[in-house]
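Asker: Structure incoming, see below.
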Amino acid sequence: MSNSEETIFDILIIGAGLSGLCAAKRIQDKCCSQVSFKLLEQSSKVGGQLDGFQSRWITGNHFHAIELCRELGCELCELAQMTENDQAEKKLRDVDPWQGMIFGPLAKIESDRLMTEIDSLSSTRFIIDDPLNMDTFLERKLLLDESRDFFRFLIKISCGFFPNELTVTDWLKFCRSMSSVRNVYEMLRVKGTHLVPLEGWSGLVEKLVRIVGEENIAHSCKVTRLELTAEEDCLVLVTDENGCIWKGRTAICAIPCDDLRRIDFAPSRPMFFRQPNSNANITHVSNFKVYYETSIWKDHGFSGNVFLPAYRIVCFERGQGLLEGSFFHMENVSEHEVRHAILHILSLNLKCHSLLNAVKFEARRQVLPFYFEVPPSFRRSVIFASSNASCWYRGFINGSIQGGVKAAVLALLEVRPQTINFKDVTDMQCIHFKYFQRHSGLERFWYSVNLSSVSRFVAVAATVAAAFTVLIGFTKNVIGISEFETE
Numbered sequence: 001m002s003n004s005e006e007t008i009f010d011i012l013i014i015g016a017g018l019s020g021l022c023a024a025k026r027i028q029d030k031c032c033s034q035v036s037f038k039l040l041e042q043s044s045k046v047g048g049q050l051d052g053f054q055s056r057w058i059t060g061n062h063f064h065a066i067e068l069c070r071e072l073g074c075e076l077c078e079l080a081q082m083t084e085n086d087q088a089e090k091k092l093r094d095v096d097p098w099q100g101m102i103f104g105p106l107a108k109i110e111s112d113r114l115m116t117e118i119d120s121l122s123s124t125r126f127i128i129d130d131p132l133n134m135d136t137f138l139e140r141k142l143l144l145d146e147s148r149d150f151f152r153f154l155i156k157i158s159c160g161f162f163p164n165e166l167t168v169t170d171w172l173k174f175c176r177s178m179s180s181v182r183n184v185y186e187m188l189r190v191k192g193t194h195l196v197p198l199e200g201w202s203g204l205v206e207k208l209v210r211i212v213g214e215e216n217i218a219h220s221c222k223v224t225r226l227e228l229t230a231e232e233d234c235l236v237l238v239t240d241e242n243g244c245i246w247k248g249r250t251a252i253c254a255i256p257c258d259d260l261r262r263i264d265f266a267p268s269r270p271m272f273f274r275q276p277n278s279n280a281n282i283t284h285v286s287n288f289k290v291y292y293e294t295s296i297w298k299d300h301g302f303s304g305n306v307f308l309p310a311y312r313i314v315c316f317e318r319g320q321g322l323l324e325g326s327f328f329h330m331e332n333v334s335e336h337e338v339r340h341a342i343l344h345i346l347s348l349n350l351k352c353h354s355l356l357n358a359v360k361f362e363a364r365r366q367v368l369p370f371y372f373e374v375p376p377s378f379r380r381s382v383i384f385a386s387s388n389a390s391c392w393y394r395g396f397i398n399g400s401i402q403g404g405v406k407a408a409v410l411a412l413l414e415v416r417p418q419t420i421n422f423k424d425v426t427d428m429q430c431i432h433f434k435y436f437q438r439h440s441g442l443e444r445f446w447y448s449v450n451l452s453s454v455s456r457f458v459a460v461a462a463t464v465a466a467a468f469t470v471l472i473g474f475t476k477n478v479i480g481i482s483e484f485e486t487e
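Quick note: the sequence shown uses full-length UniProt numbering, first residue 1, plus one each step.
Here it is, written out as structure tokens:
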């Protein structure tokens with residue numbers, strides 16, 4: 001029997017990504033040597049996937065991420081400072097979803113209006129119970145196909161599900177946990193005010209590892225089974241693919257949804273697990289970097305920022321001669337096809353044939369992350385972390401950090417409740433008071449006004465006017481006939 005089997009840890013942390021490391025740091029900060037813990041990481045390195053399309057940057061509103069960087073001495077800078085703008089005097093334009101469309105300006109207006117309405121519905125204290133299919137909701141609310149396609153793409157890449165797999169209530173809950181649908185769109189697009197550490201996110205991970213201690217991390221330890229014992233002093237038994245059994249009083253699952261569903265739970269796992277449709281036309285994402293000798297797209301008047309649902313691509317300029325972004329596709333698309341598609345899309349939309357001849361091309365494929373509603377814990381002994389379990393900026397780096405902090409507080413409430421105070425509980429939630437807004441009937445009506453509602457009103461008004469005209473004409477004819485018969 002190995003040493004890992006003989007030792008009973010207070011807390012086992014499955015996953016040494018940003019969520020797991022932040023959970024371990026908070027546990028160590030609160031209890032130091034009083035609580036024993038172990039991080040079980042399936043790969044040979046820690047930190048998780050920090051170069052994905054939802055984890056490239058943060059904003060000034062990301063409270064937990066800002067606080068962590070400040071505490072660890074990680075200096076933040078704006079993206080605008082990282083790109084050499086040698087053509088500052090020349091106005092550079094972005095490639096947006098509405099470019100080249102006949103009804104592009106109208107589609108932009110009604111999409112913006114629907115964002116306002118959705119944000120108003122998700123910012124109330126209690127979210128409405130609406131079982132209506134989200135795709136049907138979009139059909140009713142939006143007049144133009146371009147707007148509907150934009151929202152379908154935005155919903156898919158932000159939460160992992162297509163609108164026809166969600167109800168209106170599901171989507172409003174996602175919006176609440178991601179802050180708002182407008183914030184999601186602004187986070188997926190590039191803005192000069194977005195923040196990144198000067199040393200990169202890997203520098204932040206290195207500092208977390210030094211604090212947590214390399215000795216508290218077990219590498220190449222892929223968990224396959226999680227079992228709760230039936231004894232009065234309930235233990236959590238975690239089995240890895242090497243057959244090693246780790247024992248703990250509490251376990252934190254700080255791994256992505258796709259990894260979480262592969263773990264065999266005993267007793268049976270909670271019934272909240274959901275998976276997107278595997279036959280959909282977007283199942284994977286390739287995060288890419290394309291290197292060129294210079295930023296030649298600027299010579300054609302483009303900034304390098306691209307957000308195109310029609311081509312399933314998001315892109316921006318990371319540095320001089322470097323374009324970075326994400327391309328969304330099916331699982332069966334080969335690496336060669338991904339490279340060919342990306343270069344052709346960039347060449348076509350940035351109006352520069354030279355972009356086909358990249359100096360270097362890198363791409364890393366992964367399953368598109370998906371998020372579903374999870375309870376904070378399962379039988380009080382299994383606690384869910386990762387960005388999926390966060391309640392503020394879910395899916396982004398701040399969600400990962402907050403998910404880890406929240407899980408650590410919940411775990412300590414089980415094993416060392418005396419160490420948790422009111423500030424810990426409020427910090428782990430960080431719910432903004434916007435969720436307690438009340439909107440008047442007039443405000444709700446104004447938020448719901450859009451091209452689709454206006455067109456319906458015009459159609460009804462035109463129908464009523466036509467019917468009234470016909471009725472008047474008919475009445476005049478009847479009166480005329482009566483007068484003729486009288487004479």
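Here a beta-carbon is modelled for each residue, glycine too, at the ideal position from N, C-alpha and C. The structure displayed is predicted, hence computed values, not measured ones.
Within 10 angstroms of its Cβ, does Gly304 collect 16 or more other Cβ (buried), or is it exposed?
Answerer: The residue given as residue 304 occupies position 304 in the sequence shown. The residue is buried, with at least 16 neighbouring Cβ atoms inside 10 Å.
Asker: Go ahead and pull the three-state DSSP assignment for Ser377.
Answerer: Along the sequence shown, one-based indexing puts residue 377 at 377. Residue state, collapsed to three classes: strand.
Asker: So does the stretch 278–290 actually touch the stretch 323–339, counting three or more Cβ pairs closer than 8 Å?
Answerer: At 8 Å Cβ cutoff, the stretches touch.
Asker: Is it buried or exposed, Gln34, if we count other Cβ atoms within 10 angstroms and call 16 or more buried?
Answerer: On the sequence shown, residue 34 is found 34 positions in, with the first residue counted as 1. It is exposed - the Cβ of Gln34 has fewer than 16 other Cβ atoms within 10 Å.
Asker: Put Phe53 into one of helix, strand or coil per three-state DSSP.
Answerer: Indexing the sequence shown from 1 puts residue 53 at position 53. Note: Phe53 maps to coil in three-state DSSP.
Asker: Contact between the stretch 115–131 and the stretch 165–181 is defined here as three or more beta-carbon pairs at a separation below 8 Å; is this criterion met?
Answerer: Output reads yes: the stretch 165–181 touches the stretch 115–131.
Asker: Could you work out which residue in Val333, Tyr447 and Arg416 is closest to Cys32 when comparing CA atoms only?
Answerer: Here residue 32 is taken as the residue at index 32 of the sequence shown, counted from 1. Checked all of Val333, Tyr447 and Arg416; the closest Cα to Cys32 is Arg416.
Asker: Looking at Leu18: is its Cβ nearer than 9 Å to the Cβ of Trp201?
Answerer: Locating residue 18 in the sequence shown gives position 18, where the first residue counts as 1. Locating residue 201 in the sequence shown gives position 201, where the first residue counts as 1. Cβ distance < 9 Å, so Leu18 and Trp201 count as in contact.
Asker: Would Leu346 and Cys315 qualify as a contact pair, given that the criterion is a beta-carbon distance under 9 Å?
Answerer: Here the question's residue 346 lines up with position 346 in the sequence shown. Here the question's residue 315 lines up with position 315 in the sequence shown. Taking 9 Å as the Cβ cut-off, Leu346 and Cys315 qualify as a contacting pair.
Asker: Taking only the alpha-carbon atoms, compute the straight-line gap between His340 and Glu324 and give it to the nearest angstrom.
Answerer: In the sequence shown, residue 340 corresponds to position 340, counting from 1. In the sequence shown, residue 324 corresponds to position 324, counting from 1. So the two alpha carbons sit approximately 15 Å from each other.
Asker: Which two residues bound the contiguous alpha helix (DSSP H) that contains His336?
Answerer: Reading the sequence shown from its first residue, position 336 is the one you call residue 336. Start and end: Glu335 to Asn349.
Asker: Is Val95 closer than 9 Å to Phe302 when the C-beta atoms are compared?
Answerer: Residue numbering aside, residue 302 sits at position 302 when the sequence shown is read from its first letter. Residue numbering aside, residue 95 sits at position 95 when the sequence shown is read from its first letter. Yes.
Asker: Measure the CB-CB distance between Phe103 and Leu144 and report whether it falls below 9 Å.
Answerer: Start at 1 with the first residue of the sequence shown, and residue 103 comes out as number 103. Start at 1 with the first residue of the sequence shown, and residue 144 comes out as number 144. Result yes, Cβ atoms of Phe103 and Leu144 sit closer than 9 Å.
Asker: Where does the unbroken beta strand (DSSP E) through Pro197 begin, and where does it stop?
Answerer: Counting from 1 along the sequence shown, the entry for residue 197 is found at position 197. Here the beta strand (DSSP E) through Pro197 covers Leu195 to Pro197.
Asker: So, do the stretch 183–194 and the stretch 69–76 have three or more beta carbon pairs nearer to each other than 8 Å?
Answerer: Contact fails: fewer than three Cβ-Cβ distances are below 8 Å.
Asker: Among Phe384, Val223, Ala280 and Tyr291, which one has its Cα closest to the Cα of Gly160?
Answerer: Taking the first residue of the sequence shown as 1, we reach residue 160 at position 160. When only C-alpha atoms are compared, the closest one is Ala280.
Asker: Can you give the Cα-Cα distance for Asp258 and Val46, rounded to whole angstroms?
Answerer: Translated into positions along the sequence shown, residue 258 becomes position 258. Translated into positions along the sequence shown, residue 46 becomes position 46. If I take the Cα positions, the gap works out to 18 Å.
Asker: Short of 7 Å in beta carbon distance, which residues of its chain neighbour Met101, apart from the five on each side in sequence? Order them along the chain.
Answerer: Taking the sequence shown and counting its residues from 1, one reaches residue 101 at position 101. If we look at Met101 and ignore the five residues flanking it on each side, its Cβ neighbours are Ala107 and Glu146.
Asker: Evaluate Asp240 with the Cβ neighbour count: other Cβ atoms within 10 Å of its Cβ, from every protein chain shown; 16 or more gives buried, anything less gives exposed.
Answerer: Counting from one through the sequence shown, the residue named residue 240 turns up at place 240. Buried, by the Cβ-count rule.
Asker: What number of angstroms, rounded off, separates the C-alpha of Phe384 from the C-alpha of Lys351?
Answerer: As a position in the sequence shown, residue 384 is number 384, starting the count at 1. As a position in the sequence shown, residue 351 is number 351, starting the count at 1. Their Cα atoms are separated by approximately 46 Å.
Asker: Taking His64 as the reference, give the member of Ala465, Ala467, Thr419 and Gly403 with the closest Cα.
Answerer: Position 64 of the sequence shown, counted from the first residue, corresponds to residue 64. The shortest C-alpha separation from His64 is found at Gly403.
Asker: Whose C-alpha, out of Cys22, Asp10 and Arg93, is nearest the C-alpha of Phe307?
Answerer: Working through the sequence shown from its first residue, we reach residue 307 at position 307. Of the listed residues, the one whose Cα sits closest to Phe307 is Arg93.
Asker: Val405 and Arg26: beta carbons closer than 9 Å?
Answerer: Within the sequence shown, residue 405 is the residue found at index 405, counting from 1. Within the sequence shown, residue 26 is the residue found at index 26, counting from 1. Yes, they are a contact pair.
Asker: Going by beta carbon distance, what residues of the same chain come within less than 8 Å of residue 550, once the five residues before and after it are set aside?
Answerer: Absent from the model: residue 550. The displayed extent of the chain is 1 to 487, so no value can be given.
Asker: Between Phe361 and the rest of its own chain, which residues show a CB-CB distance below 6 Å, the 5 nearest in sequence each way excluded?
Answerer: Translated into the one-based positions of the sequence shown, residue 361 becomes position 361. Excluding sequence neighbours, Phe361 sits near Val290 and Arg339.
Asker: What are the boundary residues of the alpha helix (DSSP H) that includes residue 488?
Answerer: The structure shown does not extend to residue 488, since the chain is modelled only from 1 to 487, so the question has no answer here.
Asker: Which runs of the beta strand (DSSP E) at least 3 residues long sit entirely within the stretch 171–233? Give them in chain order.
Answerer: Segments of the beta strand (DSSP E) lying fully in the stretch 171–233: 195–197 and 223–228.
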